[in-house]
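Below is one structure, written out as structure tokens, with a few remarks after it.
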Amino acid sequence: MSAHKGLKKWHAVVAGGNDPQALAEILHEDAVFHSPVVHTPQRGRPIVTAYLTAAGQTLGNESFRYVREIVDGNTAVLEFVTEMDGIQINGIDMIAFDEDGLIVDFKVMVRPLKAINKVWEMMAAQLEASR
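Below you can see the structure in the form of structure tokens.
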């Protein structure tokens, strides 16, 4: 079960503060990221690393926590909750892994609409600042 191996790496990176180098090491070179606010999938390790780093800096505050984890084969769905500027955010990370436990596909879904708007605002600022 590559998802279990990959999730162990993912949780270690999250616990370590979403370091860009550590993130890059657990991503497949052709990884794809599906943002809740960007229409087109982002492809390739460098851009996926940038998006996941920004997401970690945006969502990964002291209130962030995973509350549920479902694993089936090479896929895992992790439900999370966090708070940003007084807005309660609920979402999922849907992650697909290859046989080596590297992330090949990462999809984030967020609710409610107010939360999506806040994530868009803060992610855009993080991505712009990293350029």
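Counting from 1 along the sequence shown, just add 1396 to a position and that's the residue number in this note's numbering.
Note that the Cβ used here is the ideal one computed from N, Cα and C, for glycine as well.
On a predicted model such as this, the values are computed, not experimentally measured, just so you know.
Residue from the options with nearest C-alpha to residue i
{"i": "residue 1404", "options": "1426, 1454, 1434 and 1496", "result": "1496"}
{"i": "residue 1434", "options": "1451, 1468, 1464 and 1401", "result": "1451"}
{"i": "residue 1460", "options": "1412, 1477 and 1421", "result": "1477"}
{"i": "residue 1518", "options": "1411, 1457 and 1406", "result": "1457"}
{"i": "residue 1501", "options": "1411, 1417, 1444 and 1524", "result": "1444"}
{"i": "residue 1402", "options": "1412, 1492 and 1462", "result": "1492"}
Integer-rounded CB distance, given that residue j should sit under 8 Å from residue i
{"i": "residue 1483", "j": "residue 1503", "result": "That belief does not hold up - the Cβ atoms of residue 1483 and residue 1503 are roughly 21 Å apart, past 8 Å."}
{"i": "residue 1485", "j": "residue 1432", "result": "Rounded, the Cβ-Cβ distance is 10 Å, inconsistent with contact."}
{"i": "residue 1414", "j": "residue 1454", "result": "Going by Cβ atoms, the distance from residue 1414 to residue 1454 rounds to 10 Å, so no, they are not a contact pair."}
{"i": "residue 1470", "j": "residue 1399", "result": "5 Å"}
{"i": "residue 1475", "j": "residue 1463", "result": "5 Å"}
Nonlocal neighbours in the same chain, by C-beta distance under 7 Å from residue i, ignoring five residues either side
{"i": "residue 1473", "result": "1466, 1488 and 1490"}
{"i": "residue 1416", "result": "1445 and 1449"}
Contacting residues, own chain, Cβ-Cβ under 6 Å from residue i (five flanking each side not counted)
{"i": "residue 1430", "result": "1437 and 1503"}
{"i": "residue 1516", "result": "1433"}
{"i": "residue 1439", "result": "1428"}
Cutoff 8 Å; reference residue i; Cβ partners in own chain excluding five residues on either side
{"i": "residue 1441", "result": "1420, 1423, 1424, 1425, 1426 and 1427"}
{"i": "residue 1410", "result": "1452 and 1456"}
{"i": "residue 1514", "result": "1480, 1481, 1483 and 1485"}
{"i": "residue 1412", "result": "1418"}
{"i": "residue 1498", "result": "1402, 1422, 1423, 1424 and 1427"}
With 16 other Cβ atoms within 10 Å as the buried cut-off, status of residue i
{"i": "residue 1447", "result": "buried"}
{"i": "residue 1481", "result": "exposed"}
{"i": "residue 1506", "result": "buried"}
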